[in-house]
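The structure appears below as structure tokens.
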Amino acid sequence: MTVKRLGGLMASLLAGLLICAGPVLAGETVQKLDPNADAAVAALFGTAAPPVEKSPTEKYRRVNTVVKSPALSDTLLRTPKTAYTIDDQARAYALSVLDMVNAERGRAGCPALALSENLMQAAQRQSLSMAQQDYFYHYTADGVKLKNRVDDSGYLYTLLGENIGAGQATPAQIVDNWMHSPGHRANILNCAYEDIGIGFVYQADDTPIDGQALPYKYYWTQVFGRHIKIAGR
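Those letters in the sequence shown? Residues -26 to -1, 1 to 207, by mature numbering (1 follows the signal peptide of the UniProt record, and there is no 0).
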């Protein structure tokens, strides 16, 4: 997020961190059906029944749409618009984060997450954008948000969430920071998620964001998803 666009509760929560050069975090959850997929399914099978009202996590655990029409399946599948390079270090760090996250989920009784190459693209795009454009938030100055990045990746979802972080040099440090922040921990331990993408960018020549004494250099993104089920895929 850009410091100049911080406001309200988020600003109050992060103000103490943003005036120094230490690591920072931010989290966001978008719990909604993909409107395109939902409309297509509703047109084929009739209006979809709403999820059963239980706890917030249990509610979305009930969203489990299976598309059985081959023709409709083809129309729902998307081709990623742009491929973002994920180098060997970013890939190794992603696998390390995935192992630690799944260990935490296992202790909490949640199923392990699968690494999604589509969500990897959405996550890497965000980390790269933050590093190159000198901001720290979930969306860019021109309004590209989590949903836009995931749509562009070709991932069909019924549930999305995102964690970001900056300044943490290692996978262990970023996971530890996320796990000690209630909002980020809630995303990691949300049993409704099935897939994850993890983005990492190291910007050696990074410059300080507004008000920082030193640059962050390390930019992290986790994108969580629950995918729509397409028969035969």
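Don't be surprised by glycine CBs; every beta carbon is placed ideally from N, CA and C.
### Task
Answer with buried or exposed for E136, where buried requires no fewer than 16 other C-beta atoms within 10 angstroms of its C-beta.
In the sequence shown, the residue the question calls residue 136 occupies position 162. It counts as buried.
### Task
Report all residues from its chain with a CB closer than 6 Å to the CB of A64; omit the five preceding and five following residues, and keep chain order.
By one-based count along the sequence shown, residue 64 stands at place 90. If we look at A64 and ignore the five residues flanking it on each side, its Cβ neighbours are F174.
### Task
Run the CB neighbour count on T144, radius 10 Å, all protein chains shown included, and call it buried at 16 or more, exposed below.
Position 170 of the sequence shown, counted from the start, is the residue given in the question as residue 144. Counting Cβ neighbours within 10 Å, T144 comes out exposed, since fewer than 16 surround it.
### Message
With the cut-off set at 8 Å, would you say L163 and A82 are in Cβ contact?
### Response
Indexing the sequence shown from 1 puts residue 163 at position 189. Indexing the sequence shown from 1 puts residue 82 at position 108. In contact: L163 and A82 (Cβ atoms closer than 8 Å).
### Q196 - partner residues in DSSP beta bridges
Position 222 of the sequence shown, counting from 1, holds the residue named residue 196. Paired residues: N137 and I172.
### Task
Report buried or exposed for A86, applying the criterion of at least 16 other Cβ atoms within 10 angstroms of its Cβ.
One-based indexing of the sequence shown puts residue 86 at position 112. Classification for A86: exposed.
### Message
Taking 8 Å as the threshold (C-beta atoms), are A77 and I172 in contact?
### Response
Taking the sequence shown and counting its residues from 1, one reaches residue 172 at position 198. Taking the sequence shown and counting its residues from 1, one reaches residue 77 at position 103. It is not a contact, given that the beta carbons lie outside the stated cut-off.
### DSSP bridge partner residues for V(-3) (one or two, in chain order)
Reading the sequence shown from its first residue, position 24 is the one you call residue -3. Answer is A140, bridged to V(-3).
### Message
Could you pull the DSSP bridge partners for Y131 from this structure?
### Response
Reading the sequence shown from its first residue, position 157 is the one you call residue 131. Answer is H201.
### Task
Compare the C-alpha of E168 against each of P189, L93, A66 and Y193 and name the closest.
By one-based count along the sequence shown, residue 168 stands at place 194. Residue L93 holds the alpha-carbon nearest to the alpha-carbon of E168 among P189, L93, A66 and Y193.
### Task
Would you check if the distance between the CB atom of T56 and the CB atom of D126 is smaller than 8 Å?
By one-based count along the sequence shown, residue 56 stands at place 82. By one-based count along the sequence shown, residue 126 stands at place 152. For T56 and D126, yes; Cβs fall inside 8 Å.
### Query
At what residue ranges does the region 38 to 124 contain a whole run of the alpha helix (DSSP H), taking only runs of 4 or more?
44 to 50, 62 to 81 and 91 to 107
#### Entry: Rounded separation between residue 221 and L72 - CA only
Because residue 221 is not part of the residues shown, which for the chain are -26 to 207, the question remains open.
### With 16 other Cβ atoms within 10 Å as the buried cut-off, status of Q106
Taking the sequence shown and counting its residues from 1, the one referred to as residue 106 is at position 132. Q106 should be labelled exposed.
### Same chain only: Cβ atoms within 6 Å of P189, ignoring 5 sequence neighbours per side
As a first step, residue 189 is located in the sequence shown; it is residue number 215 there, counting from the start. Closer than 6 Å at Cβ, skipping near neighbours: D180, T181 and P182.
#### Entry: Where H154 falls, given that 16 or more other Cβ within 10 Å makes a residue buried
Residue 154 sits at position 180 when you count from the first residue of the sequence shown. So H154 ends up on the exposed side.
### Sequence-distant residues of the same chain with beta carbon closer than 8 Å to T31, five excluded per side
Counting from one through the sequence shown, the residue named residue 31 turns up at place 57. Any answer about T31 is weak, because its pLDDT of 40 lies below 50 and its placement is not dependable; what the coordinates show is given next. These residues qualify, in order along the chain: N164, C165 and A166.
### Query
Looking at the structure shown, is I162 part of a helix, part of a strand, or coil, going by DSSP?
Indexing the sequence shown from 1 puts residue 162 at position 188. Reduced to three states, the DSSP call for I162 is helix.
### Task
Could you tell me the distance, in whole angstroms, from the CA atom of N161 to the CA atom of H201?
Here the question's residue 161 lines up with position 187 in the sequence shown. Here the question's residue 201 lines up with position 227 in the sequence shown. Taking the straight line joining both Cα atoms gives about 16 Å.
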